[in-house]
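Residue numbers (the numbering used here): 3 to 493. C-beta: ideal position from N, C-alpha, C; glycine also. Nothing here was measured: the structure is a model prediction, and the numbers come from that model.
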Ligand code: MN
C-alpha cells in the first residue's frame with residue numbers, strides 16, 4: 003500500500019438535544035469540511051466523513067468498523083455541538099487506530115449581528131471539544147490534539163503531518179524485515195528484542211540464508227543486469243572503468259529485490275561478516291534500493307532498517323530525502339563544530355546534492371572484491387536524526403534536530419557519500435545529550451520529518467520518546483531520562 007491509499011475517518015460528535023435541523027446542518031457542514039480539506043492539497047491522505055454521532059451505538063459501530071478497515075489509518079474527531087462524552091467511552095475503549103482530536107470550528111468569526119442562542123447551540127465547539135477532551139484524558143487514550151481554524155494552511159499542514167505519522171504507524175504494524183546474516187559480532191546497540199518489537203510495533207523480523215541470496219545472485223540473467231544498468235545510467239554518472247563491478251552490484255540488487263518482494267519485505271539488513279558466496283558487499287545495490295523506498299541497516303541493524311522504511315513511507319511524495327546514516331567523525335574547530343556522517347557504502351542518494359557518481363574503490367572491511375558505490379555530498383538544510391534503542395523491557399525513540407551544511411571541505415580521498423551537520427542545540431551539548439540517552443551510531447537522517455511527527459508516531463506505538471532540540475540542556479535531559487525510566491517501569 004502507498005501512503006495516499008490510506009484514509010482518515012472524520013467522526014463528528016453531537017446528540018439529539020438540538021433537533022433534526024441542527025443535526026442536518028452539522029452533517030452537511032462536516033461533509034463540506036472533509037471535501038475542502040481534501041481539496042486543499044495539504045493532506046497526503048483522504049479525509050472521509052463518516053457520521054454525525056448521536057449515540058453510544060453509533061460511536062461504537064464506527065470505531066469497530068475503523069478498527070477492521072485496512073485502509074483506515076485513523077479517526078479524526080470534532081464536536082460541532084456538545085456531545086456528552088460518556089457515550090464515547092465504549093467506542094474509545096476499543097479503539098485500535100490512531101486518533102486526532104481536531105479542535106476547530108466551522109465559522110471563523112463570531113458574527114456580531116447574527117449571534118443569538120440558536121447560533122450558540124449550533125456553533126459550540128469551544129464547549130463540546132472540552133467535554134470531548136476530558137474523556138480522552140480520563141481514559142488515558144493516546145491522541146493528538148490539533149487546535150485552530152480548519153481552513154488555515156498552518157493547521158492543515160499540521161493535520162497532514164500527523165496523518166503521515168499515523169499512516170507510518172499503520173505501515174509499521176505490517177512491516178516485514180529480511181535479515182541476511184546476524185548482528186555484527188559483539189555490538190550492543192544494534193541488538194534488540196524481536197518479540198517485544200513485534201508485539202509493540204508489529205515488525206516481523208526474520209532471517210534468510212545468505213547462501214540462498216548468493217545462489218539467487220548467481221541465477222540473475224544478463225538481461226536483468228542490463229535493465230538495472232540502464233536505470234543506474236539514467237540516474238547516476240559513471241566515474242569508473244570497472245563496469246564489471248557495477249554489473250555485479252546490479253546483479254545483487256536484482257537478487258535482493260526478488261527475495262524481499264517474494265516475502266513482502268520492505269526492509270533488510272546484512273553484514274560484512276557474513277557474505278558467504280558473494281563477491282562484493284552490496285554498495286550501489288543497497289543505495290538504489292534505499293532510493294526506491296526500501297529500508298536498510300548495516301551490520302545486522304534491523305532496527306534502523308525498519309525505521310528507515312517507516313520514515314520513507316511517511317514521507318512519500320516529499321523531496322528532502324531520508325537515509326540510513328552513521329555518525330563517523332567530528333570537526334571540532336571552535337565556531338565550526340560539525341559532525342561528519344557517512345557509511346562504508348550504503349548512504350541513500352535521496353539526500354544527495356546534485357547527481358551522484360558511481361565509483362569503485364577498495365574496501366578494507368569484508369574481505370571481498372572492490373564494490374561499486376554512489377559518492378555524493380548531502381544537501382544543506384534542516385533535518386533530524388532518529389535512533390530506536392532497546393532499553394530492556396521497553397523501546398526508546400531518540401530524535402535530534404540537526405542543521406545540515408554543504409561539507410566545508412571537499413575531502414577528495416574519501417570514497418563514500420558524506421553528509422555534514424551541526425547538531426542542536428550545539429555539538430557539545432547535543433552530543434552529551436545523545437550519549438546520555440543511549441542513541442546509536444546508526445540513525446535515520448531525514449530532511450522530511452520533524453520531531454513532532456516522530457513524537458506522534460512514538461505516541462501511537464506506545465513507546466518512549468526523547469527529543470534533543472534547540473532548547474535542550476544536559477541537566478534537564480538527565481532529569482527527564484531519570485523520571486521517564488521510573489514511569490516506563492511502572493507502565
Ligand atoms: Mn555501521
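Closer than 6 Å: residue i CB and nearest the ligand FAD heavy atom
i	result
residue 301	The ligand content of the structure shown is limited to the ligand MN, which means the ligand FAD is not among them.
CA nearest to the CA of residue i, picked from the options
i	options	result
residue 365	270, 406, 416, 303	416
residue 209	183, 202, 188, 228	183
residue 202	313, 172, 72	172
residue 368	283, 221, 461	283
residue 249	484, 270, 396, 226	226
residue 428	355, 338, 343, 96	338
residue 446	459, 297, 151	297
residue 108	91, 8, 334, 154	154
residue 14	21, 45, 38, 64	64
residue 374	328, 381, 246	246
residue 352	313, 328, 370, 293	293
residue 144	39, 489, 459	459
residue 332	33, 433, 36	433
residue 435	371, 402, 281	402
residue 1	262, 409, 438	What is shown of the chain runs 3 to 493, which leaves residue 1 out entirely.
residue 22	86, 35, 124	124
residue 111	136, 53, 152	152
residue 197	191, 207, 190, 189	207
Distance cut-off 6 Å: residue i Cβ against heavy atoms of the ligand MN
i	result
residue 328	yes
Extent of the continuous alpha helix (DSSP H) to which residue i belongs
i	result
residue 130	127-140
residue 82	Run containing residue 82: none; DSSP gives neither H nor E here.
residue 482	476-492
residue 37	22-41
residue 225	224-237
residue 307	304-316
residue 457	453-463
residue 2	The displayed coordinates of the chain run from 3 to 493. Any statement about residue 2 would go beyond what the structure contains.
residue 436	429-439
residue 121	119-124
residue 220	212-220
residue 66	58-70
residue 196	196-203
residue 91	91-95
Pairwise C-alpha distance: residue j and residue i
i	j	result
residue 274	residue 301	7 Å
residue 399	residue 493	17 Å
residue 28	residue 131	15 Å
residue 347	residue 306	16 Å
residue 6	residue 452	20 Å
residue 462	residue 315	16 Å
residue 140	residue 93	14 Å
residue 412	residue 406	15 Å
residue 220	residue 230	15 Å
residue 168	residue 24	32 Å
residue 501	residue 308	No answer is possible for residue 501: it lies beyond the span of the chain, which begins at 3 and ends at 493.
residue 278	residue 272	11 Å
residue 254	residue 187	24 Å
residue 100	residue 76	4 Å
residue 84	residue 146	20 Å
residue 295	residue 478	37 Å
residue 81	residue 16	6 Å
residue 237	residue 395	44 Å
residue 4	residue 232	26 Å
residue 89	residue 66	15 Å
residue 205	residue 304	10 Å
residue 382	residue 60	50 Å
residue 487	residue 96	28 Å
Run of the beta strand (DSSP E) containing residue i, from where it starts to where it stops
i	result
residue 155	Premise fails: residue 155 lies in the alpha helix (DSSP H), 155-175, not in any beta strand (DSSP E).
residue 361	354-362
residue 269	269-271
residue 328	324-335
residue 289	Taken as a continuous stretch (DSSP letters only), residue 289 belongs to no beta strand (DSSP E), being part of the alpha helix (DSSP H) at 286-293.
residue 15	9-15
residue 382	Premise fails: residue 382 is in no beta strand (DSSP E) and is neither H nor E.
residue 467	466-470
residue 338	338-344
Per-residue burial, residue i [other beta carbons within 10 Å of its own, 16 or more giving buried]
i	result
residue 389	buried
residue 121	exposed
residue 484	exposed
residue 481	exposed
residue 158	buried
residue 57	exposed
residue 474	buried
residue 114	exposed
Minimum Cβ-Cβ distance from residue i to chain B less than 7 Å
i	result
residue 214	Of the protein chains in this structure there is only one, and it is not chain B.
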